[in-house]
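Chains as they are written, first to last, in the working numbering: chain A, 1 to 456; chain B, 457 to 686.
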């Protein structure tokens, strides 16, 4: 399996830069997503107001998350849903595997869910002896390829049509083609059969409404509708931050999310699920279980700066505009959450030591903040995390360098000296190979502005 | 490091009627430490900056850099919760302006009497653009330079890949990002690329020079100070 580690981001990125297929696929996809998002946002005159409102709603929820969660759980249970609390990924997986095993399930269909990618649920279900089938086309592709997702909304963004054709030939035995319609219909036929056989459907959640106990899931392929309605048991997995106060708040979020994610005015399907079916004769699953996952989220919630990380809608807009993501793609991050928001969330989820390179994988250009539908100040969060990393993971040389730098900056005499030293060094040796490997160094001028000013 | 940016800034400010002073005790705004995560060092250097500039009786502090200006505007964030330094940081930040924004927004000067012959394009430095919302100001000033033919390059607002220590922590990624910018500059067929930050120009210029390109890099202050006659 092509599972890279966050700890080797530098090497992962280097390999990605050398992969021409990957860079071609990324360039096409990110620029297309970026342009479509821009056009979709421009089509609403009050885009900025919507962002402000969404950000305010998220602030309100995250400041009183306990209360909103209690309300949501109460309402959902009153309508027949059963709610489970999972402190971490292992607990969530064991709850879900337990539910499936108790019902003697053999086939599990899943719709796209980043939260279950985060908990690596598929591995756990397979270990419990179940056949797991991803039913979102992109997720299905990467499941066949045994790869993790490389984008939050487009998990197979790193693959070209040709590569997918080869994969389908090898895995599904179809004749070689790179025709999208043929590839899609083959996937559809295979998946329909699995839907019919499935005992359990597992989905994610986009919004959980406290006021009504409703879960809302948006999609384009119709596979979520099937996953959540065909099998007898539906398990919905959500991070605790997904709750919103009122049904009416959807007005704002359903305008922002599809436009930010795929540049659509509306996603093709929007499923609203409130509890289980009312009468035995109704259609739909007999049981609805909702798993609420913490997995590090309450730690993020505890600090006013990192709390913002939890406002994320998982739209992926920040990935598409990020100059770093555009070059290296998602796998390099070694996390199911790549790109700018991934560089913020990953170290907080898996521990800062294990992902200390990620907050530095940004030029702090701010393009992410500019497109974020809920106005998360991602550069500020990256800076905050860098401030946490340096005392623990900063190299001795770097720490010393900044101590000396600060000392030089505290005294005009030393400052002058440091620029003289720099000039000398630059004359006798390449100051930094890292810089000069790809760029020339601008020669330092013989007279500084300080000197010229004194001469005036 | 880039003496003529300072000299040109003084020249332009004087030309539009400002009295310019320069406190020779000043060193750095603390951005390298702040952006790398060395917050104690950053606070030390930022406090010194605040002390020095508090002593000045000048109406405004002007910097020919969107990045340094944005750093000063971030001081309140750096001193959040510090009852002694926060108000002082806020006061200094409120007085600090980037050059083009100072000329156009504060002084309402859209034409500084510059002349320069040739076709040129503008690169939006990220911090000026996204932290300070500077977009139209430099373009207005450039359009009023006599003899200059201004063209927009594609994705003028895309990052050049510098990002301070990012450029040496991840040099390969930095250069890969930079190459997109270089392509856009080449497609614009210009004599010069102008920007508001020396760091972007070092990055872009370093790659242009490595590739043997004839396109020159120029700071906005240098362009605005130019008095070319034919």
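C-beta: ideal position from N, C-alpha, C; glycine also.
Asked: What's the C-alpha gap between residue 211 of chain A and residue 270 of chain A?; Found: 18 Å
Asked: On the three-state DSSP scale, how would you describe residue 445 of chain B?; Found: Within the shown structure, residues of chain B are numbered from 457 to 686, placing residue 445 of chain B beyond reach of any answer.
Asked: Hey, could you find the ends of the alpha helix (DSSP H) residue 622 of chain B is sitting in?; Found: 622-625
Asked: So residue 587 of chain B and residue 529 of chain B are in contact, right, with Cβ under 8 Å, and what is the actual spacing, rounded?; Found: 7 Å
Asked: Since residue 574 of chain B is in the beta strand (DSSP E), which residue starts that stretch and which ends it?; Found: 571-579
Asked: Is there contact here, the region 574-593 of chain B with the region 532-541 of chain B, by at least three beta-carbon pairs under 8 Å?; Found: no
Asked: Taking all protein chains shown into account, do 16 or more other C-beta atoms lie within 10 angstroms of the C-beta of residue 46 of chain A, making it buried, or fewer, making it exposed?; Found: exposed
Asked: Look at residue 596 of chain B and residue 566 of chain B and say whether their C-beta atoms are less than 7 Å apart.; Found: yes
Asked: Any C-beta of chain A sitting closer than 7 Å to the C-beta of residue 609 of chain B?; Found: no
Asked: Would you please verify whether the beta carbon of residue 150 of chain A is less than 7 Å from any beta carbon of chain B?; Found: no
Asked: Please list the residues of the region 649-683 of chain B that have a C-beta atom closer than 8 Å to any C-beta atom in chain A, keeping them in chain order.; Found: 658, 659, 661, 662, 663, 665, 666
Asked: Quick one: what does DSSP say residue 7 of chain A is sitting in, helix, strand or coil?; Found: helix
Asked: Using the Cα positions of residue 328 of chain A and residue 511 of chain B, report the straight-line distance between them to the nearest angstrom.; Found: 47 Å
Asked: Is it true that the CB of residue 275 of chain A sits closer than 7 Å to the CB of residue 457 of chain A?; Found: Summary: the structure shown does not reach residue 457 of chain A, with chain A confined to residues 1 through 456, and so no result is reported for it.
Asked: What does DSSP give as the partner residue(s) for residue 85 of chain A in the beta ladder?; Found: A:292
Asked: Since residue 629 of chain B meets chain A, which of its residues come closer than 8 Å, beta carbon to beta carbon?; Found: 13, 17, 324, 327, 328, 361
Asked: Output the boundary residues of the alpha helix (DSSP H) element that contains residue 552 of chain B.; Found: No alpha helix (DSSP H) contains residue 552 of chain B, which is instead part of the beta strand (DSSP E) from 552-554.
Asked: For the beta strand (DSSP E) containing residue 110 of chain A, list its first residue and its last residue.; Found: 107-110
Asked: Using a cut-off of 8 Å between C-beta atoms, extract the partners of residue 389 of chain A located in chain B.; Found: 493
Asked: Alpha carbon to alpha carbon, what distance is there between residue 443 of chain A and residue 430 of chain A?; Found: Confidence at residue 430 of chain A is low in this model, with a pLDDT of 48, below 50, so the placement of that residue should be treated as unreliable; the coordinate-derived value is given next. Spanning the two alpha carbons is a distance of roughly 11 Å.
Asked: What ranges does the beta strand (DSSP E) occupy inside the region 184-230 of chain A, keeping only unbroken runs of at least 3 residues that lie completely in it?; Found: 200-203, 207-209, 214-219
Asked: Measuring only the C-alpha atoms, how far is residue 162 of chain A from residue 177 of chain A?; Found: 8 Å
Asked: Determine, for residue 41 of chain A, whether the minimum Cβ-Cβ distance to residues of chain B falls below 7 Å.; Found: no
Asked: Distance check for residue 204 of chain A and residue 92 of chain A, CA to CA, integer angstroms please.; Found: 13 Å
Asked: Is there at least one Cβ from chain B nearer than 7 Å to residue 155 of chain A's Cβ?; Found: no
Asked: Can you tell me where the beta strand (DSSP E) with residue 63 of chain A in it begins and where it stops?; Found: It is not in any beta strand (DSSP E) - residue 63 of chain A instead sits in the alpha helix (DSSP H) that spans 47-63.
Asked: Please check the pair residue 310 of chain A and residue 241 of chain A, which I expect to be a contact at CB under 8 Å, by giving their CB distance rounded to whole angstroms.; Found: 4 Å
Asked: When we look at the beta-carbon of residue 400 of chain A and count the other beta-carbons within 10 Å, is it buried (16 or more) or exposed?; Found: exposed
Asked: Pop quiz: residue 78 of chain A and residue 213 of chain A are said to be a contact at Cβ under 8 Å. What is the actual Cβ separation, rounded to whole angstroms?; Found: 7 Å
Asked: In three-state terms, what does DSSP make of residue 473 of chain B?; Found: coil
Asked: Does any C-beta atom of chain A lie closer than 7 Å to the C-beta of residue 480 of chain B?; Found: yes
Asked: Give me, in chain order, the residues of the same chain whose beta-carbon lies closer than 6 Å to that of residue 469 of chain B; leave out the 5 immediate sequence neighbours on both sides.; Found: 476
Asked: Skipping 5 residues on each side, what residues in its chain have a beta carbon closer than 7 Å to that of residue 63 of chain A?; Found: none
Asked: Give me the chain B residues within the contact set of residue 343 of chain A, using Cβ-Cβ distance strictly less than 8 Å, ordered along the chain.; Found: What residue 343 of chain A touches in chain B: nothing, since even the nearest Cβ is about 12 Å away.
Asked: Can you tell me which of the three DSSP states residue 418 of chain A falls into?; Found: helix
Asked: Skipping 5 residues on each side, what residues in its chain have a beta carbon closer than 8 Å to that of residue 620 of chain B?; Found: 487, 488, 491, 492, 655
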